[in-house]
Structure formats: structure tokens, C-alpha cells
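Chemist: Structure below; questions to follow.
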């Protein structure tokens, strides 16, 4: 077993090398000389104690110091990923990973050493499966389980999408879905420091990106590679779950990661044939149809990936396409002993159970029906029988508690989603050589778990964009008069019946001129288009839009903000961006509480009832004569504590006839959303009630006046007003305001 202190010293040197790579100038003539002393120290640290392959890899990296800077950076980036994985394998007495095929060979014969036995083993050709350790050192078991749960869902989405693409390769929506799933997998793997999965998913993402851009169609070979990569990820996740359960902890499993990476490179280097070319002997393809490996338990040998004695098409270039080897079967999961079984039962009894959200929705609907039926019985009883009244009062208390308990099943704090962001910011800052601080507020804010699941990806993309694009390097910040340490502020709160999540930074801000130029270049807008600043900033949410100079493992493909908008709009939310060049950027996500109990103010207009979230109501009053004035170009205004606030007549706004026209005979409700205010004219106030927000369905998607609906105590349905959209009416033109 290697000495822990020696390995820690090697790890520290590798981290310093990574920081130097991040700061290394890319201009020719600058040279990577700053890395020479660090590589020399690393060479001295590993020479007497490390396996031969690690020693040889350090010697190879020092030999690249004289090559052009661009080539040096490309090689060192691959070397750095391999070296981190090799250190992990070395610390666990496991077989070292295969040397990347994109790097020059370290020696005429690539070998691997098993420190526990001390014997040298010659590695097979690069397509062979190589042992891979699945759990990184210092992993967080809870976060790893969350990663595996999300990965399993993404793998199901990938598999279904690829099968559709196999029949319809030009299905753009399905291709985008599969691409985003791999992009999310890559981001999650990077957060968890799973370098093998990060590299594999990045390469598969590149293949799908080429298909998305039209550079290479998804032919049979590409489909097989994507499916093979998904199988490897499934085997990795299954083994991770296996080891998180305390079984075979630290075991390395053979996975053909390098073979798939080589296959992707070969496919990207050659054009796709319109028809299958003639087969050539001596290569191993994948069967077109075969059983798929499961992802919930350690899978058996993947039959679809098993080699068969049939040829594979010969690619046009000289470099042959390497075959994809089979995913080695994992050993059967041993049955726990009686003590272990008892421990598992104890854990299960005190743990959590995953329940399909449709079942929870059904439970909530039944509870709502129960509450309605109970209200009808109370009304029918009429208080004639005291004994019946007492029984109904007790029933009301029980149904109220049942309703709250049922709602609590879906309400979870956003803390879990926020916790992952801390690790993401820390790891991203180290990788980029930046000093970034994350400030989190409102992590105890509760909202529906469906909403939390939908905003998980948007949070990752916004935080990553802030760390990669927005926050400057320390030297640049100091030159601009800022602290060397950048700050990302992540907060959540309830506001106006919505959950508002904000991600803000004190970075360089967004440059509208650069965004506009990039949009014109991409054909998103015409060169003579007239856009204000707000509309220009909205362009960053366009699919495929990116101002990054080059694609990296972190960003640059133009996917992140597209995912943000898609996921937020899926729960009928909104995304807004504000930015001041040189000062920072703020993204605001406003999402309705789709299935949450809120306290609402019930109002009536021409006999129709509506619910206003009480959190958005500042005050209400009956205007005095002359309290409402009309200003040319501004519409109607109401004097509220010395300020003139725009007035919207709810009946006129919703097209309801018969509403009270005289403001002195009606009620004004003052609404707030952030720093903006709006007066809402209604006929009367009915009362305050706790209501359950229910979604309106796809038919009402995009219609802003309502945030949902609620079943009132008498069985009638009351529409819940979208107070944010009503308050923003004050920012429209005078004709729209008065309408």
C-alpha cells in the first residue's frame, strides 16, 4: 500500500500544475516555462515510489515543454485528467487506467503495474476494457446517491430518445433531448469528480453536437456508439449504487471507456456513408438488436455489446475504427448476512421511500374532494343538531390536518439543490484558477418537489456560467478595482405567490454589443434589427447561443441558458436577466407554487371569485371621491400614501362585464412584486382562506393572468391571479394599461 503522505504530496503538486495550466498564456512565444519547476518536483516525488507508468508519464510531460503552446496545452489537459485518475488507482492498489490514445506513447510498450502483487502486466490494445474505480476519494455518500438517482432517469431518457433517433435520425427535438441529457450527465459527473464519466460523456456529447449542427448525420455506427456509451454509464452507476450499499467497496470494474472514445474520434474524422459499405474481416461490430442492460442493479454481461463473428464496415480514412468491446459482467451481488439484513431493515424503516408523483397528485385530489364533501355536509346540516355539529367540527379538524399532511408530502426545502452548488463553485474555481465565494440564503424555502427537480439543471448551468464567464480572474479584478475574490449570491424566497430564485454575481457583466454581434453572426436577428437593452439580453436564452471563444468541458456549446428557460417554463415560470457591464449580472427565476398551500385573499368581480396570494397584498381600502385620477399618457392613478400608483380594473382586464365601475363603490387592493406596485380594483373582498394551488394544464400555458386554480370551501373553483404579471402591466404602454 503506497504511503498516504507521499500520495498527498503528489496530489498537491498536480493541483498546482492544474492552476498553472489555467493561467498559462495561450499566445505563441510565451512558453510554458513556469511549469518546468513543478514538473521537476513531481518527477522527484514519484520516481522512487510510484508505478513505472506514472513515472514515465511525468517524464513524457516534461518532454513536451519545447513544443508549441497550443499543442502543449492540449496534451497537458488530457494528461492532467489521466494523472488524477491514475493517482486514485495507485492509492487503491488498482490497475492504472489506459494511456490516452491522443497522447504520444510514453514507451514502446504501455504497461500497467499492480502494486499489491508487484508484477508487471502488459496492457492489451487500446480498445480493451480497463479497470475503473467508481467512487472517488472523500466522496459524499448522500450526494452520490442523488447523482445516481438522477443519472438513472437521464439514462432512461437517453435510451428512449436514441431508439427514436434510430428510426428518425433527423428528429431535431429528440436529438436535442438526448444531447441535453448527456450534457447534464457530464456536468453532474464533473461536480462529483467522476473524471471517467466526465470524459466519456463529453466525447459522446461532441458526437451528438456534430449531428445537431448538421456536420454529421446519426447513422448506424453513431447510434451504436451512443448506446454503447449509455451502457457504460449504466454499468458505472449500477456499480456505484452497489458499493454505496457497502458491498465490494473500492472494487474496480472493467469498462471500455477508451475504446468508445477512440470510436467517437474515428467517427468524427470520417464522413458518414449514405449506405452501409462493404464489410471487412477482422473487426467486431455491435448487434443491431439485443437486450439492454438494466440500471437499477449491477447488470449482467451486455448481450448487445458482446462481440460477434461478423464484420464491421471499413471507414474511408487510413485510421481504422476501433471496435467497441463488451462491458464486462459484474460479479453477482452477494446476499447480506443476517446482521447485514437486520441493518438494512433498520435503515429502510427510518429512511425515505420514493413515490411516483402521480400517486401524490391523486392523493391530493382525493383530499380536496374530501374537504369539499365535508363543507357540503356542514352546509346541509345547518346547525340544527348540536351533536352533529360537534362531530362535523371534529371532522373539519381532521380533514384540515389530513390536507396539510398530504401537502407536506410534496413540499421539500430547496436546501438539497443549493448544497450541490457549493461543491460546483469550489471545484470550478480550482479548475479555472479563480477565487470565488458562494453566498446562499433562503435554503429552507419550501416548494413542490416537482419544481425543485425542474430547477436543478438551471441552477447548475447558471452557477457554472457565472463562475466560468462572469467572474474575472484575480489579476483582472484587482486591475478593475474589485476584490480579488469574486462572489456568487444564490437566494430563494416566496414572493407574490411565487418562489423566486436569484443567482447574481459581481463579475464583468453582459456586453449587449457583443451579444448582438454574436446573434447577428448566428442568424438569430437581422443586422438592422432595433432592440433595446432588455430584448438584447434575452437573446442569450436562444438555443445554441454562446459567446464563448472555444468549447471546453465547462461551457461553450450554447446549451446552458436554453436549458434554464425550458425547465423554468415547463413549470409555467419566468426567467429574467439584469446586467450592468463591469458590475455583475442577476438571473431571476420566478416559479409558481404549483401544488402548495398558500394563504389567499378571495375577491369577487361581477359574482366571479378570484384568489390573490396574500403575500403579494400590501393593503386594501375603499377610495374616497377624487382619489382616482386620470393622467394623459399614464392611465388611471390612485394616491397611496403620497404616491401615485397605476390602477388596473380587474373586470376590464379580464373582459368581465357587470363589474362595479365607480371606484368609490369598489375596493382597491395594493399589490407588490419586488420594488414595483400596482393597484387592483375589485368589487368586494370575500375573505381570507388557505387554498391549494392546482395547475391549469397545458391549455393555459403562456396565459399570464393566472398562476393556477383553487377549489374553495363551497366547492366552487377560484382562479389564482398571477400578481407578478399584473404588477408588470405598469411597465407597458399607456394604451395597454388603460385597456
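In this note's numbering, the protein residues as written are 257 to 995. Backbone N, C-alpha and C define an ideal beta-carbon position, used for all residues, glycine too.
Roughly how many angstroms separate the alpha carbons of residue 845 and residue 832, rounded to a whole number?
Modeler: If you number the chain shown from 1, residue 845 lands on position 589. If you number the chain shown from 1, residue 832 lands on position 576. Cα to Cα, residue 845 sits roughly 7 Å from residue 832.
Chemist: Here's a check: name, in chain order, each residue in its chain whose Cβ is nearer than 6 Å to the Cβ of residue 968, leaving out the five neighbours to either side.
Modeler: Locating residue 968 in the chain shown gives position 712, where the first residue counts as 1. So the list reads 974, once near-sequence residues are dropped.
Chemist: Considering only C-alpha positions, which residue in the set 654, 391, 512 and 626 is nearest to residue 503?
Modeler: On the chain shown, residue 503 is found 247 positions in, with the first residue counted as 1. Here the closest residue by C-alpha is 391.
Chemist: Is residue 437 buried or exposed, if buried means 16 or more other CB atoms sit within 10 Å of its CB?
Modeler: The count along the chain shown starts at 1 and reaches residue 437 at position 181. So residue 437 ends up on the buried side.
Chemist: Quick test of your reading: residue 667 and residue 702, contact by CB under 8 Å. State the CB separation rounded to the nearest angstrom.
Modeler: What you label residue 667 is simply residue 411 of the chain shown in a count that begins at 1. What you label residue 702 is simply residue 446 of the chain shown in a count that begins at 1. Indeed, because the Cβ distance is near 5 Å, the residues count as touching under 8 Å.
Chemist: Just mark residue 404 as buried or exposed, buried being the case when its beta carbon has 16 or more other beta carbons within 10 Å.
Modeler: Mapped onto the chain shown, residue 404 falls at position 148. Classification for residue 404: buried.
Chemist: With DSSP as the reference, please indicate the residues paired to residue 926 in a beta bridge.
Modeler: Here residue 926 refers to the residue found at position 670 when the chain shown is read from its first residue. According to DSSP, residue 926 bridges with 875 and 935.
Chemist: Tell me which same chain residues have a C-beta within less than 7 Å of the C-beta of residue 427, skipping the five on either side of it?
Modeler: Walking along the chain shown from the start, residue 427 turns up at place 171. If we look at residue 427 and ignore the five residues flanking it on each side, its Cβ neighbours are 420 and 421.
Chemist: What are the residues that DSSP puts in a beta bridge with residue 389?
Modeler: Within the chain shown, numbered from 1, the residue matching residue 389 stands at position 133. Bridge partners of residue 389: 508.
Chemist: Taking the C-alpha atoms as reference points, what is the distance between residue 999 and residue 743?
Modeler: Residue numbering for the chain in the displayed model covers 257 to 995; residue 999 lies beyond these limits and cannot be assessed.
Chemist: With residue 835 as the anchor, note down where its beta strand (DSSP E) starts and where it stops.
Modeler: Here residue 835 refers to the residue found at position 579 when the chain shown is read from its first residue. Segment 830–836, the beta strand (DSSP E) holding residue 835.
Chemist: Just how far apart, CA to CA, sit residue 490 and residue 467?
Modeler: Position 234 of the chain shown, counting from 1, holds the residue named residue 490. Position 211 of the chain shown, counting from 1, holds the residue named residue 467. For residue 490 and residue 467, the distance between alpha carbons rounds to 23 Å.
Chemist: Classify residue 323 as helix, strand or coil using the three-state DSSP reduction.
Modeler: Within the chain shown, residue 323 is the residue found at index 67, counting from 1. Reduced to three states, the DSSP call for residue 323 is coil.
Chemist: What do you get for residue 878, buried or exposed, if any count of 16 or more other CB atoms within 10 angstroms of its CB means buried?
Modeler: As a position in the chain shown, residue 878 is number 622, starting the count at 1. Exposed: under 16 other Cβ atoms inside 10 Å.
Chemist: Under three-state DSSP, which class holds residue 624?
Modeler: Along the chain shown, one-based indexing puts residue 624 at 368. Helix, per DSSP.
Chemist: Taking DSSP as the reference, what is the three-state secondary structure of residue 336?
Modeler: Stepping through the chain shown from its first residue, residue 336 is reached at position 80. It is helical.
Chemist: Could you please give me the residues that DSSP links to residue 343 through a beta bridge?
Modeler: The sequence position of residue 343 within the chain shown is 87, counting from 1. Note: residue 343 sits in no beta bridge, so no partner.
Chemist: Please classify residue 304 as buried or exposed, where buried requires at least 16 other C-beta atoms within 10 Å of its C-beta.
Modeler: On the chain shown, position 48 is the one that residue 304 refers to. The residue in question, residue 304, is exposed, as its Cβ has fewer than 16 Cβ neighbours within 10 Å.
Chemist: Helix, strand or coil, according to DSSP, for residue 630 in the structure here?
Modeler: One-based indexing of the chain shown puts residue 630 at position 374. Residue 630: helix per DSSP, three-state reduction.
Chemist: Relative to the C-alpha of residue 961, which candidate in 924, 867 and 917 has its C-alpha closest?
Modeler: On the chain shown, residue 961 is found 705 positions in, with the first residue counted as 1. Nearest of 924, 867 and 917 to residue 961, Cα basis: 867.
Chemist: Assign residue 997 to buried or exposed, taking buried as 16 or more other Cβ atoms, counted over all protein chains shown, within 10 Å of its Cβ.
Modeler: The chain is shown from 257 up to 995; residue 997 falls before or after that span and cannot be answered.
Chemist: Which of the three DSSP states, helix, strand or coil, is assigned to residue 745?
Modeler: As a working mapping, residue 745 is identified with position 489 in the chain shown. It is a strand residue.
Chemist: Three-state secondary structure (DSSP) at residue 764?
Modeler: Translated into the one-based positions of the chain shown, residue 764 becomes position 508. Here residue 764 sits in coil by DSSP.
Chemist: Give the range of the alpha helix (DSSP H) segment to which residue 979 is assigned.
Modeler: Taking the chain shown and counting its residues from 1, one reaches residue 979 at position 723. 979–983 is the span of the alpha helix (DSSP H), which, as asked, contains residue 979.
Chemist: Quick one: using the 10 Å Cβ neighbour count with 16 as the cut-off for buried, is residue 949 buried or exposed?
Modeler: As a first step, residue 949 is located in the chain shown; it is residue number 693 there, counting from the start. Its Cβ being crowded by 16 or more others within 10 Å, residue 949 is buried.
Chemist: Mind checking whether residue 856 and residue 869 have CB atoms under 7 Å apart?
Modeler: Taking the chain shown and counting its residues from 1, one reaches residue 856 at position 600. Taking the chain shown and counting its residues from 1, one reaches residue 869 at position 613. Contact flag set, yes.
Chemist: Given a threshold of 16 other Cβ atoms within 10 Å of its Cβ, counted over all protein chains shown, does residue 268 qualify as buried or as exposed?
Modeler: Taking the first residue of the chain shown as 1, we reach residue 268 at position 12. The residue in question, residue 268, is exposed, as its Cβ has fewer than 16 Cβ neighbours within 10 Å.
Chemist: Measuring only the C-alpha atoms, how far is residue 283 from residue 327?
Modeler: Position 27 of the chain shown, counted from the start, is the residue given in the question as residue 283. Position 71 of the chain shown, counted from the start, is the residue given in the question as residue 327. Confidence at residue 283 is low in this model, with a pLDDT of 46, below 50, so its placement is unreliable and no value can be given for it.
Chemist: Inspect the CB distances between the region 328–347 and the region 492–507 and report whether three or more fall short of 8 Å.
Modeler: No: fewer than three Cβ pairs fall under 8 Å.
Chemist: How is residue 448 classed by DSSP in three states: helix, strand or coil?
Modeler: Here residue 448 refers to the residue found at position 192 of the chain shown. Looking at residue 448 - three-state DSSP - the assignment turns out to be coil, as it is neither helix nor strand.
Chemist: Between residue 818 and residue 797, which are expected to be in contact by the criterion C-beta below 8 Å, what is the C-beta distance as a whole number of angstroms?
Modeler: Taking the first residue of the chain shown as position 1, residue 818 is located at position 562. Taking the first residue of the chain shown as position 1, residue 797 is located at position 541. Indeed, because the Cβ distance is near 7 Å, the residues count as touching under 8 Å.
Chemist: Quick one: Cα of residue 782 to Cα of residue 776, how far?
Modeler: For the purposes of this step, residue 782 is taken as the residue at position 526 of the chain shown. For the purposes of this step, residue 776 is taken as the residue at position 520 of the chain shown. Straight-line Cα distance between these residues: approximately 6 Å.
Chemist: Any contact between the region 682–700 and the region 730–749? By contact I mean 3 or more CB pairs, one from each, below 8 Å.
Modeler: The region 682–700 is in contact with the region 730–749.
Chemist: Leaving aside the five residues before and after residue 470 along the sequence, list all residues of the same chain whose C-beta is less than 8 Å from its C-beta, in chain order.
Modeler: As a position in the chain shown, residue 470 is number 214, starting the count at 1. Correct list: empty, nothing qualifies.
Chemist: Pull the bridge partners of residue 909 from the DSSP assignment, please.
Modeler: Stepping through the chain shown from its first residue, residue 909 is reached at position 653. Per DSSP, none; premise fails for residue 909.
Chemist: Thinking C-alpha only, which one of 425, 274 and 799 is nearest residue 779?
Modeler: Translated into the one-based positions of the chain shown, residue 779 becomes position 523. Residue 799 is the option with its Cα nearest to residue 779.
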